[in-house]
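Asks: Position 63 of the sequence shown, counting from 1, maps to 63 under the UniProt record's numbering, and the rest follow consecutively. Glycine included, each C-beta is placed from N, C-alpha and C at the ideal position.
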Amino acid sequence: PRADSRSLDSAQSRALIAKGVEVVKANLFDVEISQDCHPRVRPVYCHPLLGPRDLPADPKGKEEIAQGKNLVDAAKEVGVKFFIWSSLPNATKTSNGLYTQVYHVDNKEIIEEYLKASGVPYAVLLTC
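#1: I need the boundaries of the beta strand (DSSP E) containing L125, first residue and last residue.
#2: Select from Y103, G61, I84 the residue whose C-alpha is nearest the C-alpha of T92.
#3: Could you name each continuous beta strand (DSSP E) segment of 3 residues or more that falls completely within the stretch 64-97, going from the start of the chain to the end?
#4: Please state the DSSP three-state secondary structure of D4.
#5: Taking 8 Å as the threshold (C-beta atoms), are L125 and S95 in contact?
#6: Ignore the nearest five residues each way along the sequence and tell me which others in L115's own chain have a CB closer than 7 Å to its CB.
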């Protein structure tokens, strides 16, 4: 198994390494680095998180959208055979406009639509 991490020194990375997982440094803000991480990858599973870089400077999570799109672009570039996207139903739509500021949920659909248009074979898991 293989995993990507921003930090190979994090507790989470060290725990994976201890279990025999190959952990490689990746940065979803840099498509080229992400492409370098995935030359042998067949399936990709992505569960995006609204991270600390987003808050409070960008509560709408535009960085999350950029990261998701970069991952799709990198996957397409290296010929990933299957992409599994962990998503959520759009809160604005499902609440009929009652909840319009649940960006970390609505952004998942934006990236999902980008993935659908990319041509990369995919499946979407609604993880709610």
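Replies: For this structure:
#1: The residue you call residue 125 lines up with position 125 of the sequence shown. That run of the beta strand (DSSP E) goes 122-126.
#2: Your numbering for residue 92 matches position 92 in the sequence shown. Closest by alpha carbon: Y103.
#3: Entirely contained in the stretch 64-97, the beta strand (DSSP E) runs reaching 3 residues are, in chain order, 82-87.
#4: Position 4 of the sequence shown, counting from 1, holds the residue named residue 4. DSSP places D4 in strand when its eight states are reduced to three.
#5: Working through the sequence shown from its first residue, we reach residue 95 at position 95. Working through the sequence shown from its first residue, we reach residue 125 at position 125. Taking a C-beta distance under 8 Å as the contact criterion, S95 and L125 do not qualify as a contact pair.
#6: Locating residue 115 in the sequence shown gives position 115, counting from the first residue. For L115, where only same-chain residues beyond five positions count, the Cβ hits under 7 Å are V72, F83, W85, Y122.
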